[in-house]
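Undergrad:
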Amino acid sequence: MIENAVLIKQGAEARVYTAPFLTRTAIIKERFPKTYRHPILDNKLTTRRVTQEARCLFKCYRSGVDTPVLYFVDIENNAIYMEFVKGKTLKDLISEMGEWSSSKYEELTTKIGVALAKMHSADVIHGDLTTSNLLLRESNNSLVVIDFGLSYISSLPEDKAVDLYVLEKTFLSTHPNSESMFTSILDIYKNNYKASKDILSKLAEVRLRGRKRSMVG
Amino acid sequence: MQSFSLELYPSRQIHITLYINVKNSAELKKRLLSHDQELKYAFIDAKIVLDKFQLLVAVNNAVHYEKYSILKTHNVHSEIVYNLSPTTNISESLRRFGISDSTNEIVIVKVGGNSDEVKSHLNTLIDGEESSLDELSRFTDLNSIRKYYKIGANVKDHEEILNMIVGSIAIKNVN
Numbered sequence: 001m002i003e004n005a006v007l008i009k010q011g012a013e014a015r016v017y018t019a020p021f022l023t024r025t026a027i028i029k030e031r032f033p034k035t036y037r038h039p040i041l042d043n044k045l046t047t048r049r050v051t052q053e054a055r056c057l058f059k060c061y062r063s064g065v066d067t068p069v070l071y072f073v074d075i076e077n078n079a080i081y082m083e084f085v086k087g088k089t090l091k092d093l094i095s096e097m098g099e100w101s102s103s104k105y106e107e108l109t110t111k112i113g114v115a116l117a118k119m120h121s122a123d124v125i126h127g128d129l130t131t132s133n134l135l136l137r138e139s140n141n142s143l144v145v146i147d148f149g150l151s152y153i154s155s156l157p158e159d160k161a162v163d164l165y166v167l168e169k170t171f172l173s174t175h176p177n178s179e180s181m182f183t184s185i186l187d188i189y190k191n192n193y194k195a196s197k198d199i200l201s202k203l204a205e206v207r208l209r210g211r212k213r214s215m216v217g
Numbered sequence: 001m002q003s004f005s006l007e008l009y010p011s012r013q014i015h016i017t018l019y020i021n022v023k024n025s026a027e028l029k030k031r032l033l034s035h036d037q038e039l040k041y042a043f044i045d046a047k048i049v050l051d052k053f054q055l056l057v058a059v060n061n062a063v064h065y066e067k068y069s070i071l072k073t074h075n076v077h078s079e080i081v082y083n084l085s086p087t088t089n090i091s092e093s094l095r096r097f098g099i100s101d102s103t104n105e106i107v108i109v110k111v112g113g114n115s116d117e118v119k120s121h122l123n124t125l126i127d128g129e130e131s132s133l134d135e136l137s138r139f140t141d142l143n144s145i146r147k148y149y150k151i152g153a154n155v156k157d158h159e160e161i162l163n164m165i166v167g168s169i170a171i172k173n174v175n
């Protein structure tokens, strides 16, 4: 780890630091060993998560979704180095902007819908779409998707529908009266993603049963 | 010549310089191929370098792999050239990103050593003029860069192209 790295967040899976890196400022996400697992198994699983996260992050960037730029993947120490994005989370932004009106939020919902459409077109499932994992970049107001820690690649409408469902849930539980906001995001998503029909009908199914599939029968 | 230090591996300085109007590329290349121990440098074709940051990311990778003894090539300097390339084909990478017989503008990277010594040694090795790294953009060939890094014409912004390059280098050994 870089000597004067500053710890900014400690989660259940990883520690996040910020530090100067090769003339820029980087965010360093370091996954630490889980002591309740057998060390060999733990190392194998952690390494797999790190590579998967880096791949999904960069695949998204390549597909035209704004994400932090990938700088360095340190497989030996299970750390990912990426661009430090200066900006506000969607969560804070919504509480600042206040009451929903379609005109006030039009620009924002369009950006979100387009970004999600691009991400899912590239078969990247984010896995943890919340309003804290979407940022608005300070320099150019572009919508940045962050934290690909639970991401994976899948082309199944089911997985994409669940991804959207998770976002819908955070919208409804943390931001009052945001149903219409999510609806307008879905509209943009639909218009920017040709294969979205199956996903949206799956979403209706997922809404009825919840995130987990029934294992009965 | 500019010198940098890597935050992760601060013990050795990284020296980067640009030589223009180089006349003896063919000789340099021949000596590299015969593993001449005097040439402990990375020789890079200036036309595929968009920015210093691109070089530093490749250098950081190479030094990291050296530390963990997982170099794919003979030494840390050839590894820098190899790491600039997004593919894992070593000979193709060295051909595309290293120097050819006709290369006139060369970016040189040296890991370790003292900058004055590096500078005077390079002056004896290279038949050309040292130039400022700020001149780099004059020699950049965007078409080659787009081709080698598979960057489509829809990406126009300089910063965005650089980000794609850097990401491709970073993801190389993960894929």
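Those sequence lines, one after another, are chains B and E. According to UniProt numbering, the first sequence is numbered sequentially starting from 1. According to UniProt numbering, the second sequence is numbered sequentially starting from 1. Even glycine gets a Cβ: it sits at the ideal position worked out from N, Cα and C.
(1) Compare the C-beta of A170 (chain E) with all C-beta atoms of chain B and state if any pair is closer than 8 Å.
(2) Buried or exposed for residue 189 (chain E), going by 16 or more other Cβ atoms inside 10 Å?
(3) For I161 (chain E) and D134 (chain E), I'd like the C-alpha separation in whole angstroms.
(4) Go to V166 (chain E), then tell me how far its alpha helix (DSSP H) extends in each direction, as first and last residue.
(5) Considering only the beta carbon of each residue, do D198 (chain B) and S155 (chain B) sit closer than 8 Å?
(6) DSSP on T130 (chain B), reduced to helix/strand/coil?
(7) When the cut-off is 8 Å and only beta carbons count, does A117 (chain B) lie next to chain E?
(8) Check whether the Cβ atoms of R96 (chain E) and Y149 (chain E) sit closer than 8 Å, and answer yes or no.
(9) Report the rounded CA-to-CA distance for L200 (chain B) versus F21 (chain B), giving the unit in angstroms.
(10) Whether or not the segment 66 to 80 of chain E and the segment 98 to 114 of chain E are in contact is what I'm after, with contact meaning three or more pairs of Cβ atoms, one per stretch, closer than 8 Å; do they touch?
(11) When burial is assigned at 16 or more other CB atoms within 10 Å of the CB, is D116 (chain E) buried or exposed?
(12) Going by C-alpha distance, which of E:V81, E:E66, E:N83, E:G98 is nearest E76 (chain B)?
(13) Report the rounded CA-to-CA distance for R62 (chain B) versus L6 (chain E), giving the unit in angstroms.
(14) Start and end of the beta strand (DSSP E) containing K52 (chain E)?
(15) Grouping DSSP H, G and I as helix and E and B as strand, with all else coil, what is Q52 (chain B)?
(16) In chain order, which beta strand (DSSP E) runs of at least 3 residues are fully inside the segment 65 to 134 of chain E?
(17) Within the 8 Å Cβ cut-off, does Y68 (chain E) reach chain B?
(18) On the DSSP bridge list, what partners appear for Q2 (chain E)?
(19) Taking just the CA atoms, how far does L129 (chain B) sit from L167 (chain B)?
(20) Closer than 8 Å, Cβ to Cβ, to anything on chain E: give me those residues from the segment 6 to 27 of chain B, in chain order.
(21) With a threshold of 8 Å on Cβ separation, who are the neighbours of S142 (chain B) within its own chain once the five nearest residues in sequence on each side are excluded?
(22) Taking 8 Å as the threshold (beta carbon to beta carbon), is N83 (chain E) in contact with chain B?
(23) Does V124 (chain B) have its Cβ less than 8 Å from a Cβ in chain E?
(24) Pair every Cβ in the segment 123 to 131 of chain E with every Cβ in the segment 13 to 29 of chain E, then say whether three or more of these pairs are closer than 8 Å.
(25) Exposed or buried, what is L45 (chain B) when buried is set at 16 or more other beta-carbons lying within 10 Å of its beta-carbon?
(26) Going by DSSP, which residues form a beta bridge with R15 (chain B)?
(27) Going by Cα to Cα distance, which pick from B:S102, B:K29, B:M181, B:L93 is closest to E138 (chain B)?
(28) Excluding five sequence neighbours on each side, which residues of the same chain lie with their C-beta closer than 6 Å to the C-beta of K118 (chain B)?
(29) Using 10 angstroms around the beta-carbon of M97 (chain B), count the other beta-carbons present and answer buried if the total reaches 16, otherwise exposed.
(30) Kindly list, in the order they appear in chain B, the residues whose Cβ is closer than 7 Å to that of G167 (chain E).
(31) Just to make sure I have the definition right: I need the residues of chain E whose C-beta is within less than 8 Å of the C-beta of R213 (chain B). Which are they?
(32) Looking at E3 (chain B): is its Cβ nearer than 8 Å to the Cβ of R15 (chain B)?
(33) Shortest alpha-carbon distance to T140 (chain E) belongs to which of E:D51, E:L33, E:S25, E:S120?
(34) Buried or exposed: Y105 (chain B), going by 16 or more other Cβ atoms within 10 Å of its Cβ?
(35) Say whether chain E places a C-beta atom closer than 8 Å to the C-beta of residue 219 (chain B).
TA: By the coordinates alone:
(1) Yes, A170 (chain E) lies at the interface with chain B (some Cβ there is under 8 Å from its Cβ).
(2) Past the boundaries of the shown model lies residue 189 (chain E); chain E is included only from 1 to 175, so the question cannot be answered.
(3) Counting only the Cα atoms, D134 (chain E) lies some 18 Å from I161 (chain E).
(4) Where V166 (chain E) is concerned, the enclosing alpha helix (DSSP H) stretches over 158 to 171.
(5) With contacts defined as CB atoms closer than 8 Å, D198 (chain B) and S155 (chain B) fail to qualify as a contacting pair.
(6) Coil at T130 (chain B), not helix or strand.
(7) In terms of beta-carbon proximity, A117 (chain B) stays away from the interface with chain E, with every pair separated by 8 Å or more.
(8) Taking 8 Å as the Cβ cut-off, R96 (chain E) and Y149 (chain E) do not qualify as a contacting pair.
(9) Distance between the alpha carbons of L200 (chain B) and F21 (chain B) is about 42 Å.
(10) With the cut-off at 8 Å, the segment 98 to 114 of chain E and the segment 66 to 80 of chain E touch.
(11) Under a 10 Å Cβ-count criterion, D116 (chain E) is classified as exposed, with fewer than 16 other Cβ atoms of the shown protein chains found around its own Cβ.
(12) The shortest CA-to-CA distance from E76 (chain B) to any of E:V81, E:E66, E:N83, E:G98 is the one to E:E66.
(13) CA-CA distance, R62 (chain B) to L6 (chain E), rounds to 27 Å.
(14) Segment 52 to 67 is the alpha helix (DSSP H) holding K52 (chain E); no beta strand (DSSP E) there.
(15) The answer is helix: DSSP assigns Q52 (chain B) an H, G or I state.
(16) Listed in chain order, the complete beta strand (DSSP E) runs (minimum 3 residues) inside the segment 65 to 134 of chain E are 106 to 111, 129 to 131.
(17) Yes, Y68 (chain E) counts as interfacial toward chain B.
(18) The partner list for Q2 (chain E) (beta bridge, DSSP) reads E:I16.
(19) Taking the straight line joining both Cα atoms gives about 5 Å.
(20) Correct list: A19, P20, F21, L22, T23, R24.
(21) Cβ neighbours of S142 (chain B) beyond the five flanking positions: D66, K111, L136.
(22) No, N83 (chain E) lies away from the interface with chain B (no Cβ there is under 8 Å from its Cβ).
(23) Taking Cβ atoms only, chain E never reaches closer than 8 Å to V124 (chain B), which makes this a no.
(24) Segments in contact, yes.
(25) That one is exposed.
(26) According to DSSP, R15 (chain B) bridges with B:Q10, B:E30.
(27) Minimum Cα-Cα distance from E138 (chain B) among the listed residues B:S102, B:K29, B:M181, B:L93 corresponds to B:L93.
(28) Result list for K118 (chain B): S63, G64, V65, in chain order.
(29) When all chains shown are included, M97 (chain B) counts as exposed.
(30) Residues of chain B whose Cβ lies closer than 7 Å to the Cβ of G167 (chain E) are, in chain order, F58, Y61, V69, L70.
(31) Result: empty, since nearest Cβ-Cβ is about 31 Å, beyond 8 Å.
(32) No, the pair does not count as a contact, with Cβ atoms beyond the cut-off.
(33) Of the listed residues, the one whose Cα sits closest to T140 (chain E) is E:D51.
(34) Looking at its Cβ environment, which holds 16 or more other Cβ atoms inside 10 Å, Y105 (chain B) is buried.
(35) Given a span of 1 to 217 for chain B in the structure shown, any question on residue 219 (chain B) remains unanswerable.
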